[in-house]
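Asks: Residue numbering for the sequence shown follows the working numbering, starting at 19 and increasing by one per position. Idealized CB from N, CA, C, for every residue including glycine.
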Amino acid sequence: MGDTKSYSAISANGNPLSLRRSGLRQDRTFGLIDDLTLSYDGCQLSAVEERAAPVLSAATLDLKRGSSDFAYNDNGALTMDGTRGITSIAYDDNGSPAGIQFANGSATDYVYTATGQKLRAIYHTAMPSVQVGSGGNFGSASRPCLSADSIDYLFGGTVLCRNGRVSQILFDELFSFIYNNTLLILT
Numbered sequence: 019m020g021d022t023k024s025y026s027a028i029s030a031n032g033n034p035l036s037l038r039r040s041g042l043r044q045d046r047t048f049g050l051i052d053d054l055t056l057s058y059d060g061c062q063l064s065a066v067e068e069r070a071a072p073v074l075s076a077a078t079l080d081l082k083r084g085s086s087d088f089a090y091n092d093n094g095a096l097t098m099d100g101t102r103g104i105t106s107i108a109y110d111d112n113g114s115p116a117g118i119q120f121a122n123g124s125a126t127d128y129v130y131t132a133t134g135q136k137l138r139a140i141y142h143t144a145m146p147s148v149q150v151g152s153g154g155n156f157g158s159a160s161r162p163c164l165s166a167d168s169i170d171y172l173f174g175g176t177v178l179c180r181n182g183r184v185s186q187i188l189f190d191e192l193f194s195f196i197y198n199n200t201l202l203i204l205t
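(1) DSSP state of Q44, grouped into three classes?
(2) Taking the alpha-carbon positions, what's the L37 to L164 distance?
(3) How about I187: is its Cβ closer than 6 Å to a heavy atom in the ligand HEM?
(4) So, are the CB atoms of V66 and S40 less than 7 Å apart?
(5) Quick check on DSSP: helix, strand or coil for A159?
(6) Roughly how many angstroms lie between the CA atoms of Y109 and S75, to the nearest whole one?
(7) Let me check one thing: in DSSP terms, what residues is F255 bridge-paired to?
(8) Use the C-beta contact count for M145: other C-beta atoms within 10 angstroms, 16 or more gives buried, fewer gives exposed.
(9) Do the CB positions of T143 and S114 come within less than 7 Å of each other?
(10) Since D127 is in the beta strand (DSSP E), which residue starts that stretch and which ends it?
(11) Report the rounded CA-to-CA distance for F189 versus A139, giving the unit in angstroms.
(12) Once you ignore the five residues that flank T95 on each side, which residues in its own chain have a CB closer than 7 Å to its CB?
(13) Take Q149 and list the residues in its own chain whose beta-carbon comes closer than 8 Å to its own, dropping the five residues that flank it on each side.
(14) Helix, strand or coil for R83 per DSSP?
(15) Buried or exposed: Q119, going by 16 or more other Cβ atoms within 10 Å of its Cβ?
(16) Using only CA atoms, which one of L178, S106, T101 lies nearest to Y90?
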């Protein structure tokens, strides 16, 4: 069963004021996983209150906690999101995210062409017990890193390489991936 969403109220600016989502709960039954009340400063999200019981599995997409820790840059782009544990988002000159710092010390860096096409994402997994405060950011040189993984986007994003090895090839109407050096194609 997939997620279902319902918005019970919309602001004058068209923003949802509440959101209820159903999905797989902690007890492995289908039910309410998010019951959110959203607040705004103009059109920018300023607070989220969560009233549903948490789903503790890391693989779920439910909101883990409410927060009023949101920040935006002068262009209106999000630079901090307490609901997702994001302490800092840096942007390049084209307005694309260049780096995301998480409260647990992990980080993601992005590399783009001059025209803004994504070339690479690098995922830095932090050492255990590292914490980064709101608005904080480790520089790449001082980042305590347990591991680093990368995804390269080749040929306009149709070929994906994970850690230097081809992992996915995307075709029109087809999806494929490499598993144990075997090309698998799903239609």
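Replies: Well, looking at it:
(1) Within the sequence shown, residue 44 is the residue found at index 26, counting from 1. Three-state DSSP puts Q44 in coil, outside helix and strand.
(2) In the sequence shown, counting from the first residue as 1, residue 37 sits at position 19. In the sequence shown, counting from the first residue as 1, residue 164 sits at position 146. Near 36 Å, if we compare the C-alpha coordinates of L164 and L37.
(3) The ligand HEM is not among the ligands present in this structure, which contains no ligands whatsoever.
(4) As a first step, residue 66 is located in the sequence shown; it is residue number 48 there, counting from the start. As a first step, residue 40 is located in the sequence shown; it is residue number 22 there, counting from the start. It is not a contact, given that the beta carbons lie outside the stated cut-off.
(5) What you label residue 159 is simply residue 141 of the sequence shown in a count that begins at 1. Confidence in A159 is poor, its pLDDT being 48 and thus under 50, which makes the residue's placement too unreliable to answer from.
(6) Looking up residue 109 in the sequence shown gives position 91. Looking up residue 75 in the sequence shown gives position 57. Each residue's Cα considered, the two are about 31 Å apart.
(7) Missing from the structure shown is residue 255; the chain here goes from 19 to 205 and no further.
(8) Against the sequence shown, residue 145 aligns to sequence position 127. M145 is exposed by the Cβ-count criterion.
(9) Residue 143 sits at position 125 when you count from the first residue of the sequence shown. Residue 114 sits at position 96 when you count from the first residue of the sequence shown. No, they are not a contact pair.
(10) For this step, residue 127 is matched to residue 109 along the sequence shown. Note, D127: beta strand (DSSP E), 125–130.
(11) Here residue 189 refers to the residue found at position 171 when the sequence shown is read from its first residue. Here residue 139 refers to the residue found at position 121 when the sequence shown is read from its first residue. Their Cα atoms are separated by approximately 21 Å.
(12) Counted from its first residue, the sequence shown places residue 95 at position 77. For clarity, residue 95 is Ala in the given sequence; the question names Thr instead. Here the set comprises Y109, G113.
(13) Looking up residue 149 in the sequence shown gives position 131. So the list reads A121, N122, G123, once near-sequence residues are dropped.
(14) Counting from one through the sequence shown, the residue named residue 83 turns up at place 65. Secondary structure at R83: coil, using DSSP grouped into helix, strand and coil.
(15) Within the sequence shown, the letter at position 101 stands for residue 119. Per the 10 Å Cβ criterion, buried.
(16) Position 72 of the sequence shown, counted from the start, is the residue given in the question as residue 90. The candidate whose alpha carbon is nearest that of Y90 is S106.
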